[in-house]
Structure formats: structure tokens, C-alpha cells
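Participant: Let me give you the structure first, and then I'll get to my questions.
In the working numbering, the protein residues as written are 274 to 421.
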């Protein structure tokens with residue numbers, strides 16, 4: 274049975290390294306690179322700004338997410354599926370890993386393993402910003418590899 278590996282990518286060099294690591298560590302696995310568009314990153318606000326500001330922000334975030342996925346997968350010399358989702362990063366990674374179908378009709382088959390990068394935040398920045406890697410490690414129902 275082929276192993277299915279979900280790799281979260283956020284545009285950082287650390288995330289690109291996590292994808293490279295997964296490709297080398299599991300050469301026969303099916304890899305999927307996931308980028309999560311976080312609505313909390315929007316500075317337009319749902320009620321403020323000009324008409325269409327939220328749609329414009331989403332279109333821009335989607336294009337950026339597609340570029341991030343393309344840049345990350347272009348560095349790997351093998352086939353890597355991609356997936357773009359909208360939501361809170363930790364929750365969305367966990368939902369995708371569990372095989373929950375996205376509103377856009379994304380893959381509903383669960384993954385066997387999750388790989389993601391840690392930026393190594395400590396102290397106040399970790400408390401204030403939270404840690405996606407920590408949240409995934411604590412709540413995932415499948416093995417998780419954190420690449421540093």
C-alpha cells in the first residue's frame with residue numbers, strides 16, 4: 274500500500290526544506306503539498322474597506338498560494354500533488370490530514386503522515402502568534418514529522 278504524505282507549505286524556506294525532506298525520506302509515497310489561506314491575514318475586514326475588498330484580497334491570496342505551491346513543488350524532482358484551502362492553518366491541516374472533504378470538493382481520502390516545518394519561535398512570539406506545528410503535533414491522529 275502506498276503511503277500518503279501531507280506536507281504543509283507556507284512559502285518559507287523551512288517549508289520548502291520540509292517538502293524536500295519528505296520527498297527524500299519517502300521516495301515511493303504519494304506527496305501532497307498543502308497551502309492554507311488564512312482569512313485572519315486579511316487586513317480588509319469583512320465589514321470595512323471598499324466594496325469588493327474581501328474578494329480582491331481573496332483573489333490575491335489565492336494567486337500567492339498558487340505561486341507558493343508551484344515554487345515549492347518545482348524544487349522537487351518528482352510528482353507532487355497540490356492543494357489550496359482556506360481556513361485556520363492548524364485546523365485546516367488536521368482536517369485535510371483526516372480526509373475531510375473541502376468545500377471546493379478536495380481529496381477526501383485520509384493521509385498516513387503529516388510533515389511540516391517549524392520556524393523555531395520561542396518565548397513571547399510563540400505565545401502571541403501561536404504555533405501551527407505545535408497544534409498539529411498535539412492534535413493529529415496520524416504521525417507528524419516536524420522539520421527544523
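For every residue, glycine included, the Cβ atom is placed at its ideal position computed from N, Cα and C. As the structure is a prediction and not an experimental result, all values here were calculated from the model.
Alpha carbon to alpha carbon, how far is residue 401 from residue 343?
Facilitator: The predicted model places residue 401 with a pLDDT of 44, which falls under 50 and marks its position as unreliable, so this point remains unresolved.
Participant: Going by the DSSP bridge assignment, what does residue 419 pair with across the sheet?
Facilitator: 389, per the DSSP bridge assignment.
Participant: By DSSP, does residue 344 sit in helix, in strand, or in coil?
Facilitator: Residue 344: helix per DSSP, three-state reduction.
Participant: Could you check the C-alpha separation between residue 357 and residue 418 for me, to the nearest Å?
Facilitator: Approximately 21 Å between the Cα atoms of the pair.
Participant: In the structure shown, what three-state DSSP assignment does residue 413 receive?
Facilitator: Of the three classes helix, strand and coil, the one that applies to residue 413 here is coil, per DSSP.
Participant: Quick one: measure Cβ to Cβ for residue 392 and residue 285, integer angstroms, because I've assumed they're closer than 8 Å.
Facilitator: Contact flag correct, Cβ pair sits at about 7 Å.
Participant: Please report the residue range of the alpha helix (DSSP H) in which residue 278 lies.
Facilitator: Not the alpha helix (DSSP H): residue 278 falls in the beta strand (DSSP E), residues 277 to 281.
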